[in-house]
Amino acid sequence: MTDEPVRYECTGGLARITLARSSRANAVDLATARAFDDAVERAGADPQVRAVLVRGEGPRFCAGGDVAAMVAATDRGQYLEELAGTLDLALQHLAALPVPVVAAVQGAVAGAGLALMLSCDVIVSAASTKFLMAYADVGLTPDCGVSSLLPRAIGQVRALEMALMGRTLTAAEAHEWGLITEVVDDDMLEARMAQIGERLEAGPTYALAQAKRLLRSSWQTPREQLGQEEAQVIADAVTRPEATVLLAPFSKR
72 MTDEPVRYEC TGGLARITLA RSSRANAVDL ATARAFDDAV ERAGADPQVR AVLVRGEGPR
132 FCAGGDVAAM VAATDRGQYL EELAGTLDLA LQHLAALPVP VVAAVQGAVA GAGLALMLSC
192 DVIVSAASTK FLMAYADVGL TPDCGVSSLL PRAIGQVRAL EMALMGRTLT AAEAHEWGLI
252 TEVVDDDMLE ARMAQIGERL EAGPTYALAQ AKRLLRSSWQ TPREQLGQEE AQVIADAVTR
312 PEATVLLAPF SKR
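Position one of the sequence shown corresponds to residue 72 (the numbering used here), numbered consecutively onward.
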């Protein structure tokens, strides 16, 4: 065990990024935001990585920004702007990784922790997890892309309910609302995350990467342009070795 706020490990083609501030509910201060971005960069720079797992150590996934660090800052506004900007950039890098990213969440996901979770592609939740905005509880406002990511996941009306009314979701409600991919028993979270990670690691790398990129970019890409790009990408995909192997059985029918 190290004192680093974020741990990075890689076994075979599966990378693991772990928030390691369990005594602070994995709340993110500036050092943690920078360390997280470094870990994402390591995963993106390694051509052997085919999938990434994101976890929070201890009983909670992520409590968002570290409020104690904000309060202790000499210039709170300057500190918070730097923290939010640094973490937001790290999460954009995470969402743009050319491999699938799996988040396993437990305990509580609050504030910027929602942005971290939604910057991943597949989200598995322990059944006891709670999801909340929490910004208004300390007189603050959404950051790190929450204003965009949350309504896209669950719709504007529900996002506003969480932001303005302080609605806290159970894991079952979060799944029903489309905030997370699936819910498992608490003691099955680690095993299910690993199972999904191994499946994605073994999948067709180019096809999965391009599917992720096309879907995530569809919010900003005009429909006509997206259709043209899809046609170009699928034409490229069909010539690649992975597709050749997977399509081979169909040539015998």
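All residues carry an ideal CB built from backbone N, CA and C; glycine is no exception.
Note that the structure is a prediction, hence the values are computed from the model and not measured.
Does DSSP put V123 in a helix, in a strand, or in coil?
strand
Can you tell me the Cα-Cα spacing of T315 and F321, whole angstroms?
10 Å
Under 8 Å between C-beta atoms of M188 and V195:
no
Segments assigned alpha helix (DSSP H), at least 4 residues, entirely inside the segment 283 to 319:
294 to 308 and 312 to 318
Counting only beta-carbon separations shorter than 8 Å, does S199 have a partner in chain B?
This model lacks chain B altogether; it includes just one protein chain.
Kindly list the residues whose CB is nearer than 6 Å to the CB of G268, restricted to its own chain and excluding five residues on each side of it in sequence; keep chain order.
L85, A122, L124 and V173
Status (buried if at least 16 other CB within 10 Å, exposed otherwise) for G135:
buried
For R223, I'd like the list of residues in its chain whose CB is within less than 6 Å of its CB, leaving aside the five on either flank, ordered along the chain.
none
Is L240 closer than 8 Å to A230 when the C-beta atoms are compared?
no
With 16 as the cutoff for other CB atoms within 10 Å, does P118 come out buried or exposed?
exposed
Kindly indicate the opening and closing residues of the beta strand (DSSP E) around R87.
L85 to L90
Just reading off the beta strand (DSSP E) that F132 is part of, what are its end residues?
Per DSSP, F132 belongs to no beta strand (DSSP E) and is neither H nor E.
Three or more C-beta pairs closer than 8 Å, one from the segment 246 to 257 and one from the segment 276 to 287: is that the case here?
no
If you check the beta carbons only, do T157 and L101 fall under 8 Å apart?
yes
If you draw a straight line from the alpha carbon of E232 to that of R238, how long is it in whole angstroms?
6 Å
Within 10 angstroms of the Cβ of E272, are there 16 or more other Cβ atoms? Answer buried if so, exposed if not.
buried
Do the CB positions of V176 and A197 come within less than 8 Å of each other?
yes
Among S94, A183, E128 and A166, the one whose alpha carbon lies nearest that of R284
A166
Can you give me the C-alpha to C-alpha distance between G127 and A262, rounded to a whole angstrom?
15 Å
I need the DSSP call for E170, collapsed to helix, strand or coil.
Looking at the sequence shown, residue 170 is not Glu but Val. Here V170 sits in coil by DSSP.
When the Cα of S218 is compared with those of P76, V99, A183 and H164, which residue comes out closest?
A183
Please list the terminal residues of the continuous beta strand (DSSP E) segment that includes T145.
T145 -> no beta strand (DSSP E), and no H or E assigned at all.
Per DSSP, what kind of secondary structure is Y150 in: helix, strand or coil?
helix
Taking 8 Å as the limit between beta carbons, can you name the residues of its chain near A207, skipping five residues before and five after?
A234, L235 and G237
First and last residue of the alpha helix (DSSP H) that includes I267?
L260 to E272
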